[in-house]
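Position in the sequence shown (first residue = 1) + 4 = my numbering.
Remarks on the structure that follows.
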Amino acid sequence: MGTQGTQDTQGSDDGRTGTTPGRRALLGAAVLGAGGAVLGLPATARAAEKHGSGGYKSLPKPTVIGHRGASGYRPEHTLGSYQLALDMGAHIIEAGDLVPTKDGHLVCRHEPEIGGTTDVSAHPEFADRKVTKLLDGVSTTGWFTEDFTLAELKTLRAKERVPANRPHNTLYDGRWEIPTFEEVLRWREEQSRKLGRQVWIYPELKHPTYFRKLGLGLEERVAKVLRKHGLHKKNSPVILQSFEPTSIQRLNKLVDNPLAVLLSAANSRPWDFVETGDPRTVADLVKPAGLKWIASYAQGIGPTLDLIIPKDASGNLTTPTTLVRDAHAQGLILHPYTMRNENPFLPANFRKGTDVDAYGDVFGAFATYFATGIDGVFTDNPDTGLLAREDFLKKN
Numbered sequence: 005m006g007t008q009g010t011q012d013t014q015g016s017d018d019g020r021t022g023t024t025p026g027r028r029a030l031l032g033a034a035v036l037g038a039g040g041a042v043l044g045l046p047a048t049a050r051a052a053e054k055h056g057s058g059g060y061k062s063l064p065k066p067t068v069i070g071h072r073g074a075s076g077y078r079p080e081h082t083l084g085s086y087q088l089a090l091d092m093g094a095h096i097i098e099a100g101d102l103v104p105t106k107d108g109h110l111v112c113r114h115e116p117e118i119g120g121t122t123d124v125s126a127h128p129e130f131a132d133r134k135v136t137k138l139l140d141g142v143s144t145t146g147w148f149t150e151d152f153t154l155a156e157l158k159t160l161r162a163k164e165r166v167p168a169n170r171p172h173n174t175l176y177d178g179r180w181e182i183p184t185f186e187e188v189l190r191w192r193e194e195q196s197r198k199l200g201r202q203v204w205i206y207p208e209l210k211h212p213t214y215f216r217k218l219g220l221g222l223e224e225r226v227a228k229v230l231r232k233h234g235l236h237k238k239n240s241p242v243i244l245q246s247f248e249p250t251s252i253q254r255l256n257k258l259v260d261n262p263l264a265v266l267l268s269a270a271n272s273r274p275w276d277f278v279e280t281g282d283p284r285t286v287a288d289l290v291k292p293a294g295l296k297w298i299a300s301y302a303q304g305i306g307p308t309l310d311l312i313i314p315k316d317a318s319g320n321l322t323t324p325t326t327l328v329r330d331a332h333a334q335g336l337i338l339h340p341y342t343m344r345n346e347n348p349f350l351p352a353n354f355r356k357g358t359d360v361d362a363y364g365d366v367f368g369a370f371a372t373y374f375a376t377g378i379d380g381v382f383t384d385n386p387d388t389g390l391l392a393r394e395d396f397l398k399k400n
C-alpha cells in the first residue's frame, strides 16, 4: 500500500515457529516502549477469533488492517512482520504487495525496485543488475525483481525501508527472506489451523500494466495461485486490491474474491488510465458517478486518508469530505491508508515535538478518522490501532 510507484507511502524472532504469540507481541512492542499497549490486546484478539467467517461484510468495524504486517516494528513484507501483526490481533494482514520474478513467481515487496528494502547492494554478484527504468512514468534506478530468478532473490535478506524514522527496526535487518505469495498462503493456512479461524489477508497487485507489458501479467498468476489453495471464492478470506481499476476489472472476471480499488491523490490519474488515454482523475472517481462505476465490479475502495479529510497548507486536518457517505451509498466499503505513529506521518495538528522517531497524538488522529464512518484503516502499528478502536467503540 502507498502511492503507486512514487512513495509509500513465521514464528519466533528468528523466523521459525514455536515462540508463544504473547511473547512475540511483547517483543515487538518493547522495541518501541509500547509494551503496555500490547498487554491489553489478548482480550481483543480472543473476541475477534470468529470474525469474517461470513465474508468481508462480517469483519469487525472499524477493521484494523496490519499495513505490510506490523511494519512499525519489523521490516515490512516479511513473515516476521506478518506474524507480529497477527499476534497483536490485527483483523486483516496486508500480506503481499505482489511483484513477479524473472521466472514468473510472485513475491512480496512494496515495489519491484528492491534496493531500499533488501541487502542487494551488498551482493557484488548482482552489481551489474543495477539499472534505471521508467516505472509508471517515473525514472527509477536500482535493482528490480523482474531481473532476478526466485532462487537469486532468496539469497537476499530484507531490511528496514525508512531507517531514519524507524532506527529500532534496523535491529532486524538481515533476519528474513523475501517471501513468495505461495509461502504467505501456506503461512495463512497454518495460522488459521492454529487459531481455529480464518486469517484474512489483503494482497495488492503492484504496477499491473507495467508488468503486463513485460509479459509478466499479474492477475492470471494471482488467480492461479488462489485457485490452487481454494481461496478464489466470494467468502474467501482474501481481499485483492490495486491502484489500477482495469486490473481489478480483470480480476473480477478471474476470481470471486472481494475486490478494492486503491485511490491516490485527488489530482492523480491511475497509470492504466494514462496508458489508455482515459482522462479521468481520482477526483472524478470519488464523485458519485465514479463510485457507481467502481461498484459495478468491486466491493470497496482504499483511498488515501487525505480523500477522507483533506489537509490545509500547514498540514492540519480540515473538514471531512462526503466520500464516506457517497461510497456507502453505492454499497462500497472504505479502507483508507495509512496510519502511523511517528510524527512525520501524522497531520500537523497531531504531532508532538520535532523528533523524526517520536510518536505524536496518534490516538487523537485515529479517533478523528474513525468518526467519519470509515469501515477500517491500514496501520503500521496494529496494536495502537486496536486500542484506538476500543476507545472509539466505548464512546460511540
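Note that the Cβ used here is the ideal one computed from N, Cα and C, for glycine as well.
- In the three-state scheme derived from DSSP, where H, G and I count as helix and E and B as strand, Gln245 is classed as strand.
- A check of alpha carbon separations from Asn385 across Thr184, Lys65, Ile69 identifies Ile69 as the nearest.
- With distances taken between CA atoms, Leu160 lies nearest to Glu181 out of Ala168, Val142, Gly364, Glu181.
- For Ala168, no beta strand (DSSP E) run applies, since DSSP gives it neither H nor E.
- A residue is called buried once 16 or more other Cβ atoms fall within 10 Å of its Cβ, and Asn271, having fewer, is exposed.
- Counting along the chain, the unbroken alpha helix (DSSP H) around Gly294 starts and ends at 292-299.
- Counting of Cβ neighbours within 10 angstroms places Gly380 among the buried residues, the total reaching 16 or more.
- Around the beta carbon of Gly56, 16 or more other beta carbons sit within 10 angstroms, so the residue counts as buried.
- For Lys315, the pairing in a beta bridge is given by DSSP as Leu321.
- A distance below 8 Å separates the beta carbons of Val111 and Leu157.
- Setting aside the 5 residues that flank it on each side, Lys356 is surrounded in the same chain by Asn347, Ala362, Tyr363, Gly364, Asp365, each with a C-beta closer than 8 Å to its C-beta; the list follows chain order.
- Scanning Leu295, Tyr86, Thr388, Asn345 for the CA closest to the CA of Trp204 turns up Tyr86.
- Here Ala264 carries a strand assignment [DSSP, helix/strand/coil].
- Annotation: Lys134 is outside any beta strand (DSSP E) and is labelled neither H nor E by DSSP.
- Excluding five sequence positions before and after Glu193, the CB atoms of its chain that fall closer than 8 Å to its own CB belong to His233, given in chain order.
- Short of 8 Å from the beta carbon of Ile312, and not among the five residues preceding or following it, lie these beta carbons of its own chain, in chain order: Pro324, Thr325, Leu327, Val328, Leu338, Pro340, Tyr373, Thr376, Ile378.
- Counting only residues of its own chain and dropping the five nearest sequence neighbours on each side, Leu220 has a CB closer than 8 Å to the CB of Pro104, Gly108, Glu150.
- Runs of the alpha helix (DSSP H) spanning 4 or more residues and lying entirely within the stretch 179-230 occur at 185-199, 212-217, in chain order.
- Nearest neighbour of Glu248 by Cα position, chosen from Arg231, Arg344, Asp276, turns out to be Asp276.
- Under the three-pair Cβ rule at 8 Å, the stretch 273-289 does not count as touching the stretch 171-189.
- Contact annotation: Leu189 and Leu244 have beta-carbon atoms that are not nearer than 8 Å.
- For the 8 Å CB-CB criterion, Asp387 and Phe367 do not form a contact.
- By the criterion of at least three beta-carbon pairs nearer than 8 Å, the stretch 91-101 is not in contact with the stretch 131-149.
- Straight-line spacing of the CA atoms in Ser125 and Ala155 works out to 17 Å.
- When DSSP states are grouped into helix, strand and coil, Glu346 belongs to the strand group.
- Inclusion of Phe382 and Ala369 in the CB contact set at 8 Å is not warranted, their separation being larger than that value.
- The beta-carbon separation of Glu224 and Pro212, rounded to 11 Å, does not stay under the 8 Å limit for a contact.
- Proximity to Phe148 across Pro116, Asn173, Lys399 peaks at Pro116, based on C-alpha coordinates.
- According to the DSSP secondary-structure assignment, Gly146 is paired through a beta bridge with Val135.
- Assignment of beta strand (DSSP E) within the stretch 73-140, counting only whole runs of 3 or more residues, yields 101-104, 110-112, 135-139 in chain order.
- Buried is the label assigned to Ser268, since at least 16 other Cβ atoms lie within 10 Å of its Cβ.
- Boundaries around Gly368 are those of the alpha helix (DSSP H), 366-374, since no beta strand (DSSP E) includes it.
- Residue pairing for Leu338: DSSP places it in a beta bridge opposite Ile305.
- Here Gly380 carries a strand assignment [DSSP, helix/strand/coil].
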